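Chemist:
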Amino acid sequence: MVKEFFKGAIAPKSAFNISRTRIEQLAMANSERDFGQGNLRYLQKQESCSYCLLDYRDDLTKLANKRYFNIWLEQVWKRLALEQVPLSIILIEIDHFKIYNNTRGDEAGENCLQQVAQVISACVQPPDGLAARYGSEKFALIIPQTKADNVVKIGEKIRKKVKKLALYHDTQIDGLPDRVVTVSLGVGITIPLLEESPSMLMQAAEAALYQSQRKGRDTCCRTGCRQRTEVKCILASS
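Printed below as a string of structure tokens:
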């Protein structure tokens, strides 16, 4: 368990001295070793908080990390299964990020990740929505209680806003979707069932992301959790 103390703060004697928010309780239920991890979104807003645990946050982008994402998805899945309302995941991968990072340098690469993270974070829908860094150049977004067409619109909004960042590739490189950094997106949509695992939804989103990449990238594709063969793609319009 990694601890971070803000400047001028005094470390508490025990994690049990901290008033627990909802995600802390969820984390405790998930594993006794995870006590006191803290509500990521709450901690991000509390610049003066004296105690912050980094196990659930990506240090570069300040989004949730994959570990936190999986815990949160499990909890939201169970609740929405009882309510029988839709749950969606958007997987977002920066197209040819390694090329951009290698040609522009590590500092530019980190700046790229941070700016893309800000675009994605702006699309979080409280209280159950969550944006996370899911891999080196991959992000994930949980979108609850939203119709399929509207989820795709969110994906398209992200795709277009990333292009508007105008993060230019090396002009001598051929075969890129665009001269600026772009993203490919995969949307998985379903109504959760208690007897099923949220991993099904992740697999559906992965399948849709793969189709986006096969179609040339800079594209958003979607699929239902139980209809993975029916992947629909929205070709880039701008």
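Sequence positions in the sequence shown follow the numbering used here and run -3 to 234.
For each residue, glycine too, the CB sits at the ideal point set by N, CA and C.
The model shown is predicted, which means the values in this text are computed figures rather than measured ones.
Taking all protein chains shown into account, do 16 or more other C-beta atoms lie within 10 angstroms of the C-beta of Q207, making it buried, or fewer, making it exposed?
Modeler: The residue given as residue 207 occupies position 211 in the sequence shown. So Q207 counts as buried.
Chemist: Can you tell me whether A162 is buried or exposed, with buried defined as 16 or more other CB within 10 angstroms of its CB?
Modeler: Start at 1 with the first residue of the sequence shown, and residue 162 comes out as number 166. Result: exposed.
Chemist: Taking the alpha-carbon positions, what's the S180 to E191 distance?
Modeler: Position 184 of the sequence shown, counted from the start, is the residue given in the question as residue 180. Position 195 of the sequence shown, counted from the start, is the residue given in the question as residue 191. Rounded to whole angstroms, S180 to E191 spans 31 Å at the Cα level.
Chemist: When the Cα of I67 is compared with those of K211, A203, L78 and P194, which residue comes out closest?
Modeler: Numbered from 1 along the sequence shown, position 71 holds the residue referred to as residue 67. I67 has its Cα closest to that of P194, out of K211, A203, L78 and P194.
Chemist: How about the region 165 to 182 and the region 63 to 78: do they share at least three Cβ pairs that are nearer than 8 Å?
Modeler: Because the criterion of three Cβ pairs below 8 Å is not met, the region 165 to 182 and the region 63 to 78 do not touch.
Chemist: Using the Cα positions of N26 and P122, report the straight-line distance between them to the nearest angstrom.
Modeler: Indexing the sequence shown from 1 puts residue 26 at position 30. Indexing the sequence shown from 1 puts residue 122 at position 126. Any reading at N26 must be qualified, since the residue scores a pLDDT of 41, below 50, and its modelled position is unreliable; the value itself is stated next. Between N26 and P122, the C-alpha separation is close to 22 Å.
Chemist: Please go through the same chain and pick out, in chain order, the residues whose beta-carbon is closer than 7 Å to the beta-carbon of Q209, but skip the five residues on each side of it.
Modeler: Here the question's residue 209 lines up with position 213 in the sequence shown. Contacts found: S180.
Chemist: Could you give the first and the last residue of the continuous beta strand (DSSP E) run that contains T99?
Modeler: Along the sequence shown, read from residue 1 onward, the residue named residue 99 stands at position 103. Premise fails: T99 lies in the alpha helix (DSSP H), F93 to R100, not in any beta strand (DSSP E).
Chemist: Rounded to a whole number of angstroms, what is the C-alpha to C-alpha distance between G101 and I150?
Modeler: If you number the sequence shown from 1, residue 101 lands on position 105. If you number the sequence shown from 1, residue 150 lands on position 154. Each residue's Cα considered, the two are about 30 Å apart.
Chemist: Among residues of its own chain, excluding the 5 on either side of L56, which ones have a beta-carbon nearer than 7 Å to its beta-carbon?
Modeler: One-based indexing of the sequence shown puts residue 56 at position 60. Taken in chain order, the residues that qualify are E106, L109 and Q110.
Chemist: Starting from the C-beta of V176, find all residues in its chain whose C-beta is less than 8 Å away, skip the five residues before and the five after it, and write them out in chain order.
Modeler: Start at 1 with the first residue of the sequence shown, and residue 176 comes out as number 180. Taken in chain order, the residues that qualify are K159, L161, A162, L163, Y164 and H165.
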